[in-house]
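A.B. asks:
Protein chains: 2
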Amino acid sequence: MRTKTQTPEKKRAIVLLSGGLDSCVTLAVANKEHNVALLHVQYSQRTQPRESMAFHNIANYYHVPEDKILITGLDHFKKIGGSSLTDTKLPIDKGEAETTMPNTYVPFRNTLLLAIAVSWAEVIKAETIFIGAVEQDSPNYPDCRQEYYDVFNQLVDVGTMPSTQIKVVTPLIGMKKFEIVKMGIELNAPLPLTWSCYENNDLACGRCQSCTLRLRAFEDAGYVDKIHYLEKNRRPS
Amino acid sequence: MRTKTQTPEKKRAIVLLSGGLDSCVTLAVANKEHNVALLHVQYSQRTQPRESMAFHNIANYYHVPEDKILITGLDHFKKIGGSSLTDTKLPIDKGEAETTMPNTYVPFRNTLLLAIAVSWAEVIKAETIFIGAVEQDSPNYPDCRQEYYDVFNQLVDVGTMPSTQIKVVTPLIGMKKFEIVKMGIELNAPLPLTWSCYENNDLACGRCQSCTLRLRAFEDAGYVDKIHYLEKNRRPS
Numbered sequence: 028m029r030t031k032t033q034t035p036e037k038k039r040a041i042v043l044l045s046g047g048l049d050s051c052v053t054l055a056v057a058n059k060e061h062n063v064a065l066l067h068v069q070y071s072q073r074t075q076p077r078e079s080m081a082f083h084n085i086a087n088y089y090h091v092p093e094d095k096i097l098i099t100g101l102d103h104f105k106k107i108g109g110s111s112l113t114d115t116k117l118p119i120d121k122g123e124a125e126t127t128m129p130n131t132y133v134p135f136r137n138t139l140l141l142a143i144a145v146s147w148a149e150v151i152k153a154e155t156i157f158i159g160a161v162e163q164d165s166p167n168y169p170d171c172r173q174e175y176y177d178v179f180n181q182l183v184d185v186g187t188m189p190s191t192q193i194k195v196v197t198p199l200i201g202m203k204k205f206e207i208v209k210m211g212i213e214l215n216a217p218l219p220l221t222w223s224c225y226e227n228n229d230l231a232c233g234r235c236q237s238c239t240l241r242l243r244a245f246e247d248a249g250y251v252d253k254i255h256y257l258e259k260n261r262r263p264s
Numbered sequence: 028m029r030t031k032t033q034t035p036e037k038k039r040a041i042v043l044l045s046g047g048l049d050s051c052v053t054l055a056v057a058n059k060e061h062n063v064a065l066l067h068v069q070y071s072q073r074t075q076p077r078e079s080m081a082f083h084n085i086a087n088y089y090h091v092p093e094d095k096i097l098i099t100g101l102d103h104f105k106k107i108g109g110s111s112l113t114d115t116k117l118p119i120d121k122g123e124a125e126t127t128m129p130n131t132y133v134p135f136r137n138t139l140l141l142a143i144a145v146s147w148a149e150v151i152k153a154e155t156i157f158i159g160a161v162e163q164d165s166p167n168y169p170d171c172r173q174e175y176y177d178v179f180n181q182l183v184d185v186g187t188m189p190s191t192q193i194k195v196v197t198p199l200i201g202m203k204k205f206e207i208v209k210m211g212i213e214l215n216a217p218l219p220l221t222w223s224c225y226e227n228n229d230l231a232c233g234r235c236q237s238c239t240l241r242l243r244a245f246e247d248a249g250y251v252d253k254i255h256y257l258e259k260n261r262r263p264s
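This is the structure:
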């Protein structure tokens, strides 16, 4: 079921939409009560082409018009390296998330993405920025924790024009991954259009941490993941 | 007098160097006790070509090697507009800085620049980031105030890997502009290589807020500004 989204009486919000599962469900949440604008940032990660395809498919599903879409590129993550997502010489960490920081961590990435969103929000007078950060069930990235968002919102308060009231919200932050899948299905989010794999641009690898988390989440939620996998990382029996 | 800068025993620092007066003096300060790496961000501002030339001239003066230089581009400020620095349809505000926000304000810009610096600092293990923000004698930009930097440093604490200790420092923040000129001259900073004009890429206009501030600062410091101006905005008599 498709939903018309652009009604003038709703308040404007910006949603950071990578094209992944979490950002898609976040958009489904935001879309209930907001007139959404979408931000998609291309930072030369390995799966950028596939994520951008997912972005466009999801944006089309929600009928978001061109003038409410900002697609922008950053080249410095590729230049500085330090993450297996942007440096193809580093192999992607596989399997379940560990307690240590995986090499898929892109240093201070969410601050970059959110800063672009805040700049845009100041110009288009959006008061809410949605980001699909997940603290539970995620690989220990420091910029996915509630504490980080509390401080970021303080920064927005002191770092923007006095006339603006912008707040970053994280509707999924306390949820387990299977709960996110369930919520997405309840909200008719187009989960088969999303892309989670860190490694491949054609068939999802099924073995990287992101595929593994996604496969577990659908399994635990009791739903079939309709995207195609090269192979599936099975739970140890 | 030129100074050799890259000595291994000094701690590494990143300096944000736009090519302007303040960032050049900040580099002169940082260079006294640090092994400096330089970040230059091109965000499609009107005077980007001239600022980048200033950047390279200053980097050469300090003998900073290529592998300690990161030049990166951002295209979203141009796309979103809202500032006369990036939108050539808006005329640049002229004359003395007012108490209201001038249209040269680029929304949340310093958060972007600093976020790139922090990402790089995590990779190259720099512990200090220098930025030439000036609170006094500047046009009321919210991201040039001490309060903003206090919160930004909290964000760095919570948003980076636990193993990193990165701090943003603002050595000029409490100084008047003429004091910055004096300090630059005392430290042999190459002030004639810097560029401040918001409007032109050839001869400085002498009338925009940035030229006006610079001209007043040299006058009050008792020094001659050796760059060439199209005309000079005289103090009202």
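If you read the protein sequences in the order shown, they are chains A and B. For the first sequence, the numbering used here assigns the number 28 to the initial residue and increments by one for each residue that follows. For the second sequence, the numbering used here assigns the number 28 to the initial residue and increments by one for each residue that follows. Just so you know, even glycine gets a beta-carbon here, dropped at the ideal spot from N, CA and C.
#1: Mind pulling the chain B residues with CB within less than 7 angstroms of A:Thr99?
#2: Can you pull out the residues from the region 201–225 of chain B whose beta carbon lies closer than 7 angstroms to at least one beta carbon of chain A?
#3: For B:Met28 and B:Leu214, I'd like the C-alpha separation in whole angstroms.
#4: When DSSP builds the beta bridges, which residues end up paired with A:Leu199?
#5: Evaluate B:Asn137 with the Cβ neighbour count: other Cβ atoms within 10 Å of its Cβ, from every protein chain shown; 16 or more gives buried, anything less gives exposed.
#6: Does any residue of chain B have a CB that is nearer than 8 angstroms to the CB of A:Pro169?
#7: Note down, in chain order, every chain B residue with its Cβ under 7 angstroms from the Cβ of A:Ala142.
#8: Going along chain A, which residues have a C-beta under 7 angstroms from B:Gln181?
#9: Do A:His67 and A:Ile41 have their C-beta atoms closer together than 8 angstroms?
#10: Going by C-alpha distance, which of A:Glu174, A:Val178, A:Asn167 is nearest B:Glu265?
#11: Could you pull the DSSP bridge partners for A:Ile156 from this structure?
#12: Note down, in chain order, every chain A residue with its Cβ under 8 angstroms from the Cβ of B:Tyr2.
#13: I need the straight-line Cα distance from B:Trp147 to A:Ser50, nearest angstrom please.
#14: Threshold first: 3 residues or longer. Then list the beta strand (DSSP E) segments lying entirely within the region 48–136 of chain B, N to C.
#15: Distance check for A:Ile96 and A:Ile107, CA to CA, integer angstroms please.
#16: Compute the distance between the beta-carbons of B:Leu101 and B:Leu139, then report whether it is under 8 angstroms.
#17: For A:Tyr256, which residues does DSSP report across the bridge?
#18: Check whether the Cβ of A:Glu246 lies closer than 8 angstroms to any Cβ atom in chain B.
#19: From B:Ser110 to B:Asp120, what distance separates their C-alpha atoms?
#20: Residues of chain A with a CB under 7 angstroms from the CB of B:Glu149: which are they?
#21: Quick check: what's the CA-CA separation for A:Leu54 versus A:Phe157?
#22: Could you confirm whether any beta carbon from chain A is found closer than 8 angstroms to the beta carbon of B:Ser146?
#23: Is there at least one Cβ from chain B nearer than 8 angstroms to A:Met80's Cβ?
#24: Excluding the 5 residues preceding and the 5 following B:Gln192 in the sequence, name in chain order all residues of the same chain whose CB lies nearer than 7 angstroms to its CB.
#25: Can you look up B:Gly186 in the DSSP assignment and give me helix, strand or coil?
#26: Distance check for A:Asp252 and A:Pro198, CA to CA, integer angstroms please.
#27: Three-state secondary structure (DSSP) at B:Tyr250?
#28: Could you give the residue range of the alpha helix (DSSP H) that holds A:Val161?
#29: Measuring straight from C-alpha to C-alpha, what distance separates A:Pro129 and B:Met210?
#30: Keeping to the same chain, check which residues put their C-beta closer than 7 angstroms to that of A:Ile254; ignore five residues upstream and five downstream.
#31: State the Cα-Cα distance for the pair A:Val195 and B:Ile212, rounded to the nearest angstrom.
#32: Which two residues bound the contiguous alpha helix (DSSP H) that contains B:Glu36?
C.D. replies: Put simply:
#1: Asp102, His103, Lys106
#2: none
#3: Any answer about B:Met28 is weak, because its pLDDT of 49 lies below 50 and its placement is not dependable; what the coordinates show is given next. Spanning the two alpha carbons is a distance of roughly 10 angstroms.
#4: In DSSP, A:Leu199 forms no bridge with anything.
#5: With 16 or more Cβ atoms within 10 Å of its Cβ, B:Asn137 is classed as buried.
#6: yes
#7: Phe135, Thr138, Leu139, Ala142
#8: Val178
#9: no
#10: Absent from the model: residue 265 of chain B. The displayed extent of chain B is 28 to 264, so no value can be given.
#11: A:Ile41, A:Val195
#12: Not covered by the structure: residue 2 of chain B. The range shown for chain B is 28 to 264.
#13: 26 angstroms
#14: The beta strand (DSSP E) runs of length 3 or more contained entirely in the region 48–136 of chain B are, from start to end of the chain, 61–69, 96–100.
#15: 28 angstroms
#16: yes
#17: A:Ala231
#18: no
#19: 10 angstroms
#20: Gly109, Pro134, Phe135, listed in chain order.
#21: 8 angstroms
#22: yes
#23: no
#24: Glu154
#25: helix
#26: Taking the straight line joining both Cα atoms gives about 22 angstroms.
#27: coil
#28: Neither: A:Val161 is in no alpha helix (DSSP H) and is coded neither H nor E.
#29: Their backbone Cα atoms lie some 45 angstroms apart in a straight line.
#30: Pro219, Ala231
#31: Approximately 44 angstroms between the Cα atoms of the pair.
#32: Per DSSP, B:Glu36 belongs to no alpha helix (DSSP H) and is neither H nor E.
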